Amino acid sequence: MFSIVLPIHILVSACLVIVTLLQRGKGGGLSGVFGGGGSQSVFGGRGATPVLAKATVVFAVLFMLTSLSLTLISASRRAPRSAVEGEMQRGPFAPAEEGLVPLEPIQEEPESTGE
Numbered sequence: 475m476f477s478i479v480l481p482i483h484i485l486v487s488a489c490l491v492i493v494t495l496l497q498r499g500k501g502g503g504l505s506g507v508f509g510g511g512g513s514q515s516v517f518g519g520r521g522a523t524p525v526l527a528k529a530t531v532v533f534a535v536l537f538m539l540t541s542l543s544l545t546l547i548s549a550s551r552r553a554p555r556s557a558v559e560g561e562m563q564r565g566p567f568a569p570a571e572e573g574l575v576p577l578e579p580i581q582e583e584p585e586s587t588g589e
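Numbering (my numbering), first residue to last: 475 to 589.
Here it is as structure tokens:
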């Protein structure tokens with residue numbers, strides 16, 4: 475499922491960026507660079523703005539849905555973060571044998587130099 479949603483998410487992200495950059499801002503934006511001026515003759519003077527605005531909303535909603543889906547999928551298939559967590563999830567630990575005393579570190583005294 476993750477391998478299906480991830481390419482869709484990447485495609486939606488790219489489309490959202492493109493549609494956002496094509497919109498005409500106060501300064502004209504990138505729509506004039508890629509032939510956006512010619513699109514005014516096709517859509518009319520104000521015809522392209524509502525189409526691009528609606529496309530932006532659609533891609534934004536799809537982006538949020540795919541992001542949420544990827545988060546839920548990742549959370550459901552979460553692997554242990556460390557070896558300790560992996561061992562803790564395996565099961566109960568073996569009980570310690572009675573009569574064993576934990577080792578204490580040996581502190582060596584420094585040798586005297588004969589002074």
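Glycine residues also receive a C-beta, built at the ideal position from the N, C-alpha and C atoms. This one's a predicted model, so the numbers in the text were calculated from it and none came from an experiment.
query	result
Check whether the region 483-497 touches the region 532-552, counting contact only when three or more Cβ pairs, one atom from each stretch, lie closer than 8 angstroms.	yes
Exposed or buried, which one is residue 476 when buried takes at least 16 other CB atoms within 10 Å?	exposed
Can you tell me where the alpha helix (DSSP H) holding residue 497 begins and where it ends?	Segment: none, residue 497 is in no alpha helix (DSSP H) and carries neither H nor E.
Which of helix, strand or coil does DSSP assign to residue 579?	coil
Tell me whether residue 481 sits in a helix, a strand or coil according to DSSP, three-state version.	helix
Rounded to whole angstroms, what is the Cα-Cα separation between residue 547 and residue 497?	33 angstroms
Hey, how far is the Cα of residue 489 from the Cα of residue 527?	13 angstroms
Inspect the beta-carbon positions of residue 479 and residue 544 and report whether they are closer than 7 angstroms.	yes
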